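A.B. asks: Residue numbers (the numbering used here): 43 to 940.
Idealized CB from N, CA, C, for every residue including glycine.
No experiment lies behind these values; they were computed from the predicted model shown.
Sharing a structure, written as structure tokens. Questions coming.
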Amino acid sequence: MQQARTTCPYCGVGCGVLAQVDDERIVHVQGDGEHPANYGRLCVKGSALHETLGNHGRLTRPRVDGVAVDWDTALDSVATRLAAIRETQGAAAIGAYLSGQLLTEDYYVANKLFKGFVGTPHLDTNSRLCMASAVAAHKRAFGADAVPCCYEDLEEAELVVLVGSNLAWNHPVLYQRIKTAKTRNPLLRVVVIDPRVTDSCEIADLYLGLAPGSDGRLFTGLLARMADAGKLDRVYLDRHTAGLEEALAAAREDDTTVEAIAADCDLDPERLETFYYWFTTQLHVVTLFSQGINQSSSGTDKGNAIINCHLAGGKIGLPGAGPFSITGQPNAMGGREVGGLANQLAAHMDYHTPGAIDRVTRFWTTENLVPTLPDGPGHKALELFEAIERGEVWAVWIMATNPAVSLPDANRVRRALERCPLVIVSECAAATDLLPYADIVLPASGWSEKDGTVTNSERCISRQRGLLPPPGEARHDWWIITEVARRLGFGEAFAYTHPAEIFDEHARLSGFENPSHTPGEGARLFNISGLAGLDRAAYDTLAPIQWPVTAEARRGTARLFEDGRFATPDGLARLLPVRPRAPAQSLSEARPLRLNTGRVRDQWHTMTRTGRAPRLMNHRAEPFIEVHPDDAASHGIVDRQLARLQGAGGDYLARIRVSNGQRPGEVFVPMHWTDQFSGRARMGSLLEGHVDPLSGQPESKHGAVELAPFRPGWEATLMVADESSLGDDLVDESAYWARIPLSRCQRWQLAGEPGDIRDWLVWLADHLSPAPTLWSEDPACGRLRAAGLDQGCLRWWLMVGPPAELPGLAWLDERFNEAARGEALEIGNRRRLLAGCDDGAGDSGPLVCSCHQVAQGVIVSAIRKGDASVEALGARLACGTQCGSCIPELKSLIEESA
Ligand SMILES: Nc1nc2c(c(=O)[nH]1)N[C@H]1C(S)=C(S)[C@@H](COP(=O)(O)OP(=O)(O)OC[C@H]3O[C@@H](n4cnc5c(=O)[nH]c(N)nc54)[C@H](O)[C@@H]3O)O[C@H]1N2
Ligand SMILES: Nc1nc2c(c(=O)[nH]1)N[C@H]1C(S)=C(S)[C@@H](COP(=O)(O)OP(=O)(O)OC[C@H]3O[C@@H](n4cnc5c(=O)[nH]c(N)nc54)[C@H](O)[C@@H]3O)O[C@H]1N2
Ligand code: SF4
Ligand SMILES: [Mo]
43 MQQARTTCPY CGVGCGVLAQ VDDERIVHVQ GDGEHPANYG RLCVKGSALH
93 ETLGNHGRLT RPRVDGVAVD WDTALDSVAT RLAAIRETQG AAAIGAYLSG
143 QLLTEDYYVA NKLFKGFVGT PHLDTNSRLC MASAVAAHKR AFGADAVPCC
193 YEDLEEAELV VLVGSNLAWN HPVLYQRIKT AKTRNPLLRV VVIDPRVTDS
243 CEIADLYLGL APGSDGRLFT GLLARMADAG KLDRVYLDRH TAGLEEALAA
293 AREDDTTVEA IAADCDLDPE RLETFYYWFT TQLHVVTLFS QGINQSSSGT
343 DKGNAIINCH LAGGKIGLPG AGPFSITGQP NAMGGREVGG LANQLAAHMD
393 YHTPGAIDRV TRFWTTENLV PTLPDGPGHK ALELFEAIER GEVWAVWIMA
443 TNPAVSLPDA NRVRRALERC PLVIVSECAA ATDLLPYADI VLPASGWSEK
493 DGTVTNSERC ISRQRGLLPP PGEARHDWWI ITEVARRLGF GEAFAYTHPA
543 EIFDEHARLS GFENPSHTPG EGARLFNISG LAGLDRAAYD TLAPIQWPVT
593 AEARRGTARL FEDGRFATPD GLARLLPVRP RAPAQSLSEA RPLRLNTGRV
643 RDQWHTMTRT GRAPRLMNHR AEPFIEVHPD DAASHGIVDR QLARLQGAGG
693 DYLARIRVSN GQRPGEVFVP MHWTDQFSGR ARMGSLLEGH VDPLSGQPES
743 KHGAVELAPF RPGWEATLMV ADESSLGDDL VDESAYWARI PLSRCQRWQL
793 AGEPGDIRDW LVWLADHLSP APTLWSEDPA CGRLRAAGLD QGCLRWWLMV
843 GPPAELPGLA WLDERFNEAA RGEALEIGNR RRLLAGCDDG AGDSGPLVCS
893 CHQVAQGVIV SAIRKGDASV EALGARLACG TQCGSCIPEL KSLIEESA
């Protein structure tokens, strides 16, 4: 057994992980007590990391045109086809679409290859869907894409404002840090600004459930308010900023009374007044913002509206103060550092940065090779796929992201990919919605296998370490890109043998002709030249460190702009005039409901990894639509029923969750489900492709949809030990299906078209093997239970009837577990397999505590028996005692039961 340090591959908190490695397996993970992001904590996704590993379901061989080939053939094909397209159509007919889940070293070589040597500007990244608005706002305000704050600021603040962030679910360890800080400092106040009541509200002293998209108005109103109340920091403004007058004038174009602002934001004026009072009177304020701000057609302006208020009050560059854009992906920041956005060049230099093209050209020139850099920015994500659709871009290489799901108007993206002559996909998972569109599939190594660095939300660079061998022939992304570069004739510029060499080059470029990290004299803020020249051993043992890292700041830099000097040419920060705009996707009679989309606690994006850990699948097992009770009632819909959403580019079929936390007129759907997990539950197809004109970031939070009940002819739950006992047409014959991996079987939730009536025993005989061994049918009310046993061992189990009648799934899963051990089903259990729901072993509902596997039903019954506090529940059931993410849910169950 060996213990190794690495970094979690999920969210932008970037927690340090201690992994126990035994015989080429990670058998256990725990938080790294020495990592400054988490000091030993992990959230539920992090602590289930080892359960998502293993070679099954991984891509293990390269494929060209559907045929498995060896690496030489695959790499030759990539190079020959790219070269042919470049030759006949020009470099700009080639595009690349990267991801904030690549390591910095992968990202660096991809950026260098495409922009530097292939010579196409069309390289963008999924960070466009994620942080682009914050990046653009930072650049406008600070002159560089730099996050001023560090995590400690959240603990040192007196007021933390969470805007458009569900921190409790999406950055759980930071949420826990704030929660702990609150117990130490009872004066620390938290405000949550979100149209939806989320679990983050558990620590909120004030909740503002504003109308979707109205944040711009709320913050321009705040700026006007600061001025009116005499709470501008005139000294700070005079010394360190420009643009106040214009910003204020713009803010005053609207009525600036609290009543008017509250009306526009659909808020209670008193609550808004309280927020304004707290913000204006407190110096140590951190405003943490995320996708509720960024994913908007006016996201950049909203970011600047927030930053304006911080600059105007001098609430920046101090401990416990600043606007804090929290990043989503583990290496969103690293991607920005290497220049992975289409408007960037490299190392925080943009095309228009004076001298940048020449500087990068000289830096990348080798003895016999001169790079051919494009002279201006390329297509941003959505534009790239539009250019593919128009037939202008002929080849696209997609790495570590799934645009067939995560881009808005995703069905259109699929059609574009279909007609694209060359689609290359580098991926770890064997089955994704994107792979069918790929002409060339390249199997990539994944977390725990690959070596490199990531940068988290507080600019902290940490090592991810390769601990296990990649499965089959999977290879590291940097290696794949380098091998293609060699075959394209650029080998001399890509002579890397290890990621340490790439990191060194990246660090040198950041310091190249960048003598000082003092901004204001044309120097670039992103400078990690202090990390150049690390040898392999030093790179391997690199401890977490926050950039800038320079000769003057050897140990990194926790907080930026402490001296009030910004990265603009004159050193002054800019306040920007902001004129609030409504969402671009407009509501209509045909689509009257506002569509909000986002994340759930236990899943990561398209579920290629978290979907492999059964304990993460059961918090929200099926795709869902959250809707306010009034909207449910007016649509004739009840809780747990199926319902359909119709959007501009497609529809969405999922289970209703009626929720008081939802605003009337607005529905929320999760972003996670794909065709791999459900039949019709991809949110990307509901949204129109509107973007922020400044950042190019899609408006993923403000769709327009129509809701309708879906009354299936039948509903069924099927559990199968082995997929091979399933007929192929099972899903094709279901109007709705959702696949839910359990530990020893797959659970399928199925439903038929309205009016569809089935003779189940006939159907069973045709579709499942072995033939049914046990069954009990009540055709009059459309109920059936049946099971297939093979040599006495349970192979499948089916229940036709509403899921409300499900018996205990854990109990059923355990029967499959016995079967996996070769144990025959006991006689008593045979009877229980077929019994109705009134045998006392009813489904105990969704998992609330994923760490200790405690379901809602069990918790509710303990509460009824008197364990009516989080502590008592923890003592009896252990729920909430590990990562703590479920505590808000425990509290609301206690409240509901009371
Ligand atoms: N569990 C989990 N954690 C994750 C991820 C994951 O997939 N799963 N993904 C990671 C990534 S890449 C990212 S980018 C982050 C995202 O982290 P968050 O930004 O916290 O995630 P979301 O759930 O997309 O959206 C946040 C909130 O914005 C709210 N919102 C919607 N419209 C508005 C609005 O008009 N105004 C305001 N103020 N709020 C609004 C939504 O209701 C939602 O609660 O999470 C990271 N962490
Ligand atoms: N409607 C709506 N749409 C959204 C959002 C939203 O809130 N609402 N959020 C947006 C945001 S913020 C984001 S970040 C995106 C996320 O969306 P995507 O990036 O499309 O989603 P992922 O599932 O993270 O895709 C990563 C893929 O890379 C693979 N992979 C993992 N590790 C590696 C590796 O090391 N190498 C390679 N080659 N492949 C790897 C995974 O198996 C997976 O298939 O979605 C965006 N889309
Ligand atoms: S908070 Fe984020 S980085 Fe930390 S363990 Fe959870 S998912 Fe991983
Ligand atoms: Mo993201």
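Among Ala696, Leu353 and Ile869, which one has its Cα closest to the Cα of Ala793?
C.D. replies: Position 751 of the sequence shown, counted from the start, is the residue given in the question as residue 793. Comparing Cα-Cα distances from Ala793 to each of Ala696, Leu353 and Ile869, the minimum goes to Ala696.
A.B. asks: If you draw a straight line from the C-alpha of Arg789 to the C-alpha of Ala807, how long is it?
C.D. replies: Counting from one through the sequence shown, the residue named residue 789 turns up at place 747. Counting from one through the sequence shown, the residue named residue 807 turns up at place 765. Cα-Cα distance, rounded: 19 Å.
A.B. asks: Using a threshold of 7 Å, state whether the C-beta atoms of Gly56 and Ser776 are closer than that.
C.D. replies: Residue 56 sits at position 14 when you count from the first residue of the sequence shown. Residue 776 sits at position 734 when you count from the first residue of the sequence shown. Result no, Cβ atoms of Gly56 and Ser776 do not sit closer than 7 Å.
A.B. asks: Ignoring anything shorter than 3 residues or poking outside the stretch 123–193, list the beta strand (DSSP E) runs there in chain order.
C.D. replies: Fully enclosed beta strand (DSSP E) runs of 3 or longer: 136–140 and 165–167.
A.B. asks: For ligand 1, is there any heavy atom lying closer than 6 Å to the beta carbon of Gln371?
C.D. replies: As a position in the sequence shown, residue 371 is number 329, starting the count at 1. Flag set: Cβ of Gln371 near ligand 1.
A.B. asks: For His809, which residues of its own chain have a beta-carbon under 8 Å away from its beta-carbon, when the five flanking residues on both sides are left out?
C.D. replies: Taking the first residue of the sequence shown as 1, we reach residue 809 at position 767. Closer than 8 Å at Cβ, skipping near neighbours: Leu768, Gly769, Asp771 and Leu772.
A.B. asks: Are Val959 and Trp436 closer than 7 Å when you measure CB to CB?
C.D. replies: No answer is possible for residue 959: the residues shown for the chain start at 43 and end at 940.
A.B. asks: Would you call Asp17 buried or exposed, if buried means 16 or more other Cβ atoms sit within 10 Å of its Cβ?
C.D. replies: The requested residue 17 does not occur in the structure, where the chain is confined to residues 43 to 940.
A.B. asks: Is the stretch 656–676 in contact with the stretch 703–721, if contact means three or more CB pairs nearer than 8 Å?
C.D. replies: With the cut-off at 8 Å, the stretch 656–676 and the stretch 703–721 touch.
A.B. asks: Please return the same chain residues whose Cβ sits closer than 8 Å to the Cβ of Glu66, not counting the five positions on each side in sequence.
C.D. replies: Numbered from 1 along the sequence shown, position 24 holds the residue referred to as residue 66. Around Glu66: Leu510 and Pro511.
A.B. asks: Excluding five sequence neighbours on each side, which residues of the same chain lie with their C-beta closer than 6 Å to the C-beta of Arg267?
C.D. replies: Along the sequence shown, one-based indexing puts residue 267 at 225. Tyr318, listed in sequence order.
A.B. asks: Throw me the rounded Cβ distance for the Leu637 and Leu728 pair, which I believe falls under 8 Å.
C.D. replies: As a working mapping, residue 637 is identified with position 595 in the sequence shown. As a working mapping, residue 728 is identified with position 686 in the sequence shown. The pair is a contact, with the Cβ atoms about 6 Å apart (cut-off 8 Å).
A.B. asks: Using 10 angstroms around the beta-carbon of Gly678, count the other beta-carbons present and answer buried if the total reaches 16, otherwise exposed.
C.D. replies: Here residue 678 is taken as the residue at index 636 of the sequence shown, counted from 1. Per the 10 Å Cβ criterion, exposed.
A.B. asks: Determine the closest residue to Trp377 out of Gln588, Leu144, Leu875 and Asp855, with distance taken between C-alpha atoms.
C.D. replies: The count along the sequence shown starts at 1 and reaches residue 377 at position 335. Contrary to the premise, residue 377 reads as Gly rather than Trp in this sequence. Checked all of Gln588, Leu144, Leu875 and Asp855; the closest Cα to Gly377 is Leu144.
A.B. asks: Is DSSP giving Phe554 helix, strand or coil here?
C.D. replies: Indexing the sequence shown from 1 puts residue 554 at position 512. DSSP places Phe554 in coil when its eight states are reduced to three.
A.B. asks: In this structure, how does DSSP classify Thr539 when only helix, strand and coil are distinguished?
C.D. replies: Your numbering for residue 539 matches position 497 in the sequence shown. The answer is coil: DSSP assigns Thr539 none of H, G, I, E or B.
A.B. asks: Across the stretch 620–638 and the stretch 363–371, are there enough close Cβ pairs to call them in contact, namely three or more that are closer than 8 Å?
C.D. replies: No: the two stretches stay apart, fewer than three of their Cβ pairs being nearer than 8 Å.
A.B. asks: Using DSSP's beta-bridge definition, name the partner residues of His70.
C.D. replies: As a working note, residue 70 is residue 28 in the sequence shown. Paired residue(s): Gln62.
A.B. asks: Could you tell me whether the stretch 821–836 touches the stretch 738–751, using the rule of 3 or more Cβ pairs below 8 Å?
C.D. replies: Taking 8 Å as the limit for Cβ pairs, the verdict is that the stretch 738–751 does not touch the stretch 821–836.
A.B. asks: Please classify Asp612 as buried or exposed, where buried requires at least 16 other C-beta atoms within 10 Å of its C-beta.
C.D. replies: For this step, residue 612 is matched to residue 570 along the sequence shown. Classification for Asp612: exposed.
A.B. asks: Beta carbon of Leu221: closer than 6 Å to some heavy atom of ligand 3?
C.D. replies: The count along the sequence shown starts at 1 and reaches residue 221 at position 179. Note on identity: in this sequence residue 221 is Lys, with Leu being the wrong assignment. It does not: the Cβ of Lys221 is nowhere closer than 6 Å to a heavy atom of ligand 3.
A.B. asks: Nearest by alpha-carbon distance to Thr610: which of Pro930, Gly843, Val63 and Ala188 is it?
C.D. replies: Against the sequence shown, residue 610 aligns to sequence position 568. Of the candidates Pro930, Gly843, Val63 and Ala188, the one whose C-alpha sits nearest the C-alpha of Thr610 is Ala188.
A.B. asks: Indicate the three-state DSSP secondary structure (helix, strand or coil) for Ile430 in the structure shown.
C.D. replies: To locate residue 430, count along the sequence shown from 1; it is residue 388. Three-state result, Ile430: helix.
A.B. asks: DSSP beta-bridge partners for Asp693?
C.D. replies: Sequence index remark: in the sequence shown, residue 693 carries index 651 (1-based). Answer by DSSP bridge pairing, in chain order: Gln688.
A.B. asks: If you measure from each residue's Cβ to the nearest non-hydrogen atom of ligand 3, which ones come out under 5 Å, in chain order?
C.D. replies: Going along the chain, the residues that qualify are Cys50, Tyr52, Cys53, Val55, Cys57, Leu84, Cys85, Lys87, Gly88, Pro214 and Val215.
A.B. asks: Give a single yes or no on whether Ala334 has its beta carbon closer than 6 Å to a heavy atom of ligand 1.
C.D. replies: As a working note, residue 334 is residue 292 in the sequence shown. The question names Ala, but residue 334 is Gly in the sequence shown. Yes, the Cβ of Gly334 comes within 6 Å of a heavy atom of ligand 1.
A.B. asks: Mind checking whether the beta-carbon of Ser207 lies closer than 6 Å to any heavy atom of ligand 1?
C.D. replies: Here residue 207 refers to the residue found at position 165 when the sequence shown is read from its first residue. Result yes, Cβ under 6 Å from ligand 1.
A.B. asks: Quick check on this structure: which residue in Pro706, Arg657 and Pro634 has the alpha carbon closest to the alpha carbon of Leu687?
C.D. replies: Counting from one through the sequence shown, the residue named residue 687 turns up at place 645. When only C-alpha atoms are compared, the closest one is Pro634.
A.B. asks: Okay, do the stretch 348–368 and the stretch 298–315 touch, 3+ Cβ pairs below 8 Å being the bar?
C.D. replies: Result no; under three Cβ-Cβ pairs closer than 8 Å.
A.B. asks: Can you tell which of Leu325, Asp308, Ser119 and Ile430 has its C-alpha closest to the C-alpha of Ala134?
C.D. replies: Counting from one through the sequence shown, the residue named residue 134 turns up at place 92. Considering only alpha carbons, the answer is Ile430.
A.B. asks: Just how far apart, CA to CA, sit Ala663 and Ile782?
C.D. replies: For the purposes of this step, residue 663 is identified with residue 621 of the sequence shown, where counting begins at 1. For the purposes of this step, residue 782 is identified with residue 740 of the sequence shown, where counting begins at 1. Looking at the two C-alpha atoms, the distance is approximately 6 Å.
A.B. asks: Residue ranges of each beta strand (DSSP E) run of no fewer than 3 residues wholly in the stretch 243–319, ordered along the chain?
C.D. replies: Those beta strand (DSSP E) runs which fall completely within the stretch 243–319 and span 3+ residues are 248–250.
A.B. asks: Can you name the start and end residues of the alpha helix (DSSP H) that Asp774 belongs to?
C.D. replies: Locating residue 774 in the sequence shown gives position 732, where the first residue counts as 1. Unbroken alpha helix (DSSP H) run through Asp774: Asp771 to Asp774.
A.B. asks: Do Phe159 and Pro413 have their C-beta atoms within less than 7 Å of each other?
C.D. replies: Taking the first residue of the sequence shown as position 1, residue 159 is located at position 117. Taking the first residue of the sequence shown as position 1, residue 413 is located at position 371. In this structure, Pro413 lies closer than 7 Å to Phe159 by Cβ.
A.B. asks: At a threshold of 6 Å, does Asp705 count as lining ligand 1 (C-beta to nearest heavy atom)?
C.D. replies: The residue given as residue 705 occupies position 663 in the sequence shown. Checking the sequence, you will find Arg at residue 705 rather than Asp. Arg705: no, Cβ never under 6 Å from ligand 1.
A.B. asks: Considering only residues of the same chain and omitting the five flanking positions on each side of Gly137, which have a CB-CB separation below 6 Å?
C.D. replies: Indexing the sequence shown from 1 puts residue 137 at position 95. Same-chain partners within the cutoff: His164, Leu426, Val435 and Val438.
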